[in-house]
Amino acid sequence: MSNKELTTDESLDLITNMIGQAKRNLARGGSFYFLLWGWVVMLANLGHYLIDKYDWYEHPYIVWAATIPAGIASMIYGARHDRKAAVRSHLDRLYGLIWMAVFIGVLIILFFMADVSYNVNAIILTFAGIGTFISGCALRFNPLILGGIALWISSIIAFNLDLTDQYLAGAIGILAGYLIPGYLLKRVERERI
Amino acid sequence: MSAFKNLDPLLHSQLRLAVMSLLIGVDSAEFVFIKEKTGATAGNLSVQLDKLSTAGYISVAKTFKGKKPLTTCSITRVGIKAFEEYVNTLKQYIE
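Chains as they are written, first to last, in the numbering used here: chain A, 65 to 257; chain B, -11 to 83.
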């Protein structure tokens, strides 16, 4: 490509072509987070539910410690992905901001869990639903939009259950809202490469 | 009939217009990405990026990726406005 002046038609062709070039490099790797967090949170929910229900151990919340290595793995993956990518799309940026906002919301709820009568799981499912729904809309990927709705439904169900059973509702919600759409997204990402 | 406006000479050049069209669609892009997509030589691309940066159309950040220098470019608000005006003027010519 040189510095030559263009005719109007050449200008338009060039603009269309270059915008198309940038589009082909849109966000990839989103499924990793849904699958990682889907498995960790679903198993932690199930673990908490079983330990509490059958009185296996007096501190069932210990299972949530699994989210710490998952958080570290997410950060490492994100940093590596950013380092490798030669371009950052608007979608990449938006995606990161949506989940950062959800994470801050979850932290606030965890901090004030006594004030919400320990209904943290039901509230976190609402937040997860918001993040998943908006991610699905941004990616124009219907399974994630439906996943967000599934999380909201599981949140409504959880609000109507006792604290122990809320964890079972959480596990099912995460399976429907994170894991199933996450695997479908992974398949689409593979086809795109 | 409204008078035809002149096309922005800074944008009415093949390589600079290509760079701006690439950057309008992304948040930021590295020098190597722009070089690969435009097929320009590194020297020529550097000169044209400098011109766009001096005009305030793009911002250029120079950092390091490990030990290698890394140049990342993104379009500015001034650049977006100039690009939109360029496209609107182009439309006038075509209509």
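All residues carry an ideal CB built from backbone N, CA and C; glycine is no exception.
Looking only at its own chain, which residues have a Cβ that is under 8 Å from the Cβ of residue i, when we skip the five neighbours before and after it?
i	result
B:Val7	Ile22, Thr26, Leu33, Gln36, Leu37, Leu40, Ile46 and Cys61
For residue i, collect the residues of the same chain with a Cβ closer than 6 Å to its Cβ; drop the 5 residues on either side in sequence, then sort them by chain order.
i	result
A:His112	Pro124, Val127 and Tyr231
A:Asp116	Pro124 and Thr228
B:Leu(-5)	Thr77
A:Ser95	Gly246, Leu249, Lys250 and Glu253
If you measure from the beta carbon of residue i to each beta carbon in chain A, is any gap under 8 Å?
i	result
B:Leu(-2)	no
B:Ser1	yes
B:Leu40	no
B:Tyr81	yes
B:Leu78	yes
Which residues in chain A have a C-beta closer than 9 Å to the C-beta of residue i? List them in chain order.
i	result
B:Ser9	Leu78, Ile79, Thr80, Asn81, Met82, Ile83, Gln85 and Ala86
Given that residue i touches chain A, what residues does it touch there, using C-beta distances under 7 Å?
i	result
B:Lys53	Arg147
Checking contacts by CB at 8 Å: is residue i closer than that to chain B?
i	result
A:Leu208	no
A:Asn67	yes
A:Ser95	no
A:Ser199	no
A:Ser75	yes
If I measure Cβ to Cβ from residue i and keep anything under 7 Å in the same chain, skipping five residues before and after, which residues do I get?
i	result
A:Leu215	Leu189, Ala192, Gly193, Thr196, Gly237 and Gly241
A:Met106	Ala235, Ile238, Leu239 and Leu243
Since residue i meets chain B, which of its residues come closer than 9 Å, beta carbon to beta carbon?
i	result
A:Leu203	The contacting residues do not exist; A:Leu203 stays about 16 Å from chain B at best.
What residues of chain B sit near residue i, judged by a beta carbon separation below 8 Å?
i	result
A:Leu171	Residues of chain B passing the Cβ test: none, with the nearest at roughly 26 Å.
A:Leu70	His0, Ser1, Gln2 and Leu5
Next item on the list: Quick one: which residues of the stretch 133 to 165 of chain A get their C-beta closer than 8 Å to a C-beta of chain B? List them in chain order.
Entry: The residues in question are Arg147, Ala150, Val151, Arg152, Ser153, His154, Asp156 and Arg157.
Note to self: If the cut-off is 7 Å on Cβ atoms, which residues from the stretch 173 to 196 of chain A count as contacting chain B, listed in chain order?
What the structure shows: none
Check: Would the stretch 152 to 159 of chain A and the stretch 168 to 187 of chain A be scored as touching if the rule is three or more Cβ pairs under 8 Å?
Finding: no
Check: Name the residues in the stretch 16 to 28 of chain B whose C-beta lies less than 7 Å from a C-beta of chain A; which are they?
Finding: Ser16, Ala17, Glu18, Val20, Phe21, Lys25, Thr26, Gly27 and Ala28
Margin query: Check whether the stretch 127 to 138 of chain A and the stretch 13 to 22 of chain B touch, using three or more Cβ-Cβ pairs below 8 Å as the test.
Written below: Counting C-beta pairs with one atom in each stretch, the stretch 127 to 138 of chain A and the stretch 13 to 22 of chain B have fewer than three that are closer than 8 Å, which means they do not touch.
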